[in-house]
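Protein chains in written order, with the working numbering: chain A, 1 to 117; chain B, 1001 to 1118. In what follows, a single structure is set out as structure tokens and then discussed.
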Amino acid sequence: AQKITQTQPGMFVQEKEAVTLDCTYDTSDQSYGLFWYKQPSSGEMIFLIYQGSYDEQNATEGRYSLNFQKARKSANLVISASQLGDSAMYFCAMRRWDGGATNKLIFGTGTLLAVQP
Amino acid sequence: GAVVSQHPSRVICKSGTSVKIECRSLDFQATTMFWYRQFPKQSLMLMATSNEGSKATYEQGVEKDKFLINHASLTLSTLTVTSAHPEDSSFYICSAIRPPGAPYNEQFFGPGTRLTVL
């Protein structure tokens, strides 16, 4: 069975510092995709970054980077130079690729990040 | 990026009534949409996959007669919570996949609908 695990229910970080949010996954699929989403208190899910299982380089999007360690089945999100607006819930998710018929996402339990001034 | 809207954003209803939630893809056609449910301080749980022109596919444990899904067009899917009860109170979020060619096949999420059943 596929599973996403986020072991940090909550994290504090000082403004302008970097923070790492942990995510491990379990799958027997060879082809899969990993996503990180941000959910502010307003509720909308904001796509941050994507890593494909066959991508050899770690994904980066601005201040976001994904530390992908395939052998360890981890896909940690690194946020550099934290800003107050980064305070939100962060979800790691995995998409199972089944030939394109569906693209279901499995979500972790989330990590609540609080950025302190 | 792609835009997905939901209406209403917030609804309060009496127990026993039915509530319809709309999910629209505003700037693209979506053959597949997804409906999620999120309880407070919990993760998103997939309820069903909505396919344009065919029946929805429900996840295990989701009552299809209670949560009616209709994907009437390539830009609209509706979720109707029938005979709602207080335990149905939750945050309902839809998402849509942009047509082939979009990077990652990522899902674009609507802003969510907060349902409160009294």
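Beta carbons are placed, not taken as given, at the ideal position from N, Cα and C, and that holds for glycine.
Taking Cβ positions, are residue i and residue j nearer each other than 8 Å?
i, j, result
"A:Met11", "A:Leu113", "yes"
"A:Gln30", "A:Ser65", "no"
"B:Lys1020", "B:Thr1080", "yes"
"A:Ala18", "A:Ser74", "no"
"B:Glu1106", "A:Phe47", "yes"
In terms of DSSP beta bridges, what is residue i paired with?
i, result
"A:Met11", "A:Leu113"
"B:Glu1078", "Note on identity: in this sequence residue 1078 of chain B is Thr, with Glu being the wrong assignment. Answer is B:Glu1022, B:Asn1070."
"A:Lys38", "A:Ile46, A:Tyr90"
"A:Gly33", "A:Gly52, A:Arg95"
"A:Val19", "A:Ile79"
"B:His1007", "B:Glu1022"
"A:Asn103", "Per DSSP, none; premise fails for A:Asn103."
"B:Met1033", "B:Ser1050, B:Ala1096"
"A:Asp26", "A:Lys3"
"B:Gln1042", "DSSP lists no partner for B:Gln1042."
With a 10 Å radius around its C-beta and 16 neighbouring C-beta atoms as the bar for buried, classify residue i as buried or exposed.
i, result
"B:Val1003", "exposed"
"A:Ala71", "exposed"
"B:Ala1096", "buried"
"B:Leu1118", "exposed"
"B:Ser1025", "buried"
"A:Asp122", "This structure cannot settle anything about residue 122 of chain A, because the visible part of chain A is limited to 1 through 117."
"B:Arg1037", "buried"
"B:Lys1041", "exposed"
"B:Phe1108", "buried"
"B:Thr1032", "buried"
"A:Phe107", "buried"
Please report whether the beta-carbon of residue i lies at a distance below 8 Å from any beta-carbon of chain C.
i, result
"A:Phe68", "Any reference to chain C falls outside this structure, whose protein chains are A and B."
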